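Down below is the structure, laid out as structure tokens.
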Amino acid sequence: TYNEQAMNVGSGFHMNPSPGNIKDGLITDAIKSAGAAKKGGTSPVVDVLDYTEPATKPGLSLVCTPGNDVEATTGKAASGATLILFTTGLGTPTGNPVCPTIKISTNSNLTKRMKDIIDIDCGPVIEGEKTIEQMGEEILEYCIRAASGEVIPKAVLLNQDDFIPWKRGVSL
1200 TYNEQAMNVG SGFHMNPSPG NIKDGLITDA IKSAGAAKKG GTSPVVDVLD YTEPATKPGL
1260 SLVCTPGNDV EATTGKAASG ATLILFTTGL GTPTGNPVCP TIKISTNSNL TKRMKDIIDI
1320 DCGPVIEGEK TIEQMGEEIL EYCIRAASGE VIPKAVLLNQ DDFIPWKRGV SL
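If you're matching positions, the sequence shown starts at 1200 in my numbering and goes up one per residue.
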């Protein structure tokens, strides 16, 4: 079984959510998945794609990826993403060689600690200084500027060209 294979390499279902996710309050896969779905906004989902399957419909598509950050961003880029919006609460330093990765911090403490890798700080929402709608407008504006070449995401500037294809087995 998958769980036996995972246990043989020191992994398993007990590793998801990750210890970092649990520390930050994402104590179940259901909570983590609900948060991920909420990040898609209010647009209807038009397609659910297998890993690296090309997106062919306009609108919001979901891509089935493993939990590993780099394997996930590789699959999204291979499916045709033109920008990756990577939310982080712990500061994962990753990028992608073919798709600009915009790092979005969930809290201002992280942004202060890792300002060299964070493009957008969403901490003001938690701190009550901005609404979700205001922050969404700022994120959209940044995405338009990045797609237009007016700003360059920090992952691009830092040459964070991470690329790991998912091998369809146990992923640590």
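Glycine is no exception: its CB is placed at the ideal position from the N, C-alpha and C atoms.
Nothing here was measured: the structure is a model prediction, and the numbers come from that model.
In this structure, the alpha-carbon of residue 1277 lies about 13 angstroms from that of residue 1361. Three or more Cβ pairs drawn from the region 1290-1309 and the region 1345-1352 lie within less than 8 angstroms of each other, which places the two stretches in contact. By the CB criterion at 9 angstroms, residue 1307 and residue 1287 fall outside the cutoff. The DSSP-derived three-state label of residue 1232 is helix. Look at residue 1339 here: in three-state DSSP terms it is helix. Excluding five sequence positions before and after residue 1234, the CB atoms of its chain that fall closer than 8 angstroms to its own CB belong to 1225, given in chain order.
Using a 10 angstroms sphere on the CB of residue 1242, the tally of other CB atoms stays under 16, which defines it as exposed. Sorting 1208, 1239, 1210 by C-alpha distance to the C-alpha of residue 1339 places 1239 at the top.
For residue 1287, the uninterrupted beta strand (DSSP E) run begins and ends at 1283-1287, by DSSP.
For the pair residue 1232 and residue 1248, the CB atoms are not nearer than the 9 angstroms cut-off. DSSP places residue 1245 in the strand class (E or B) of the three-state scheme. Annotated three-state conformation of residue 1210 is coil, per DSSP.
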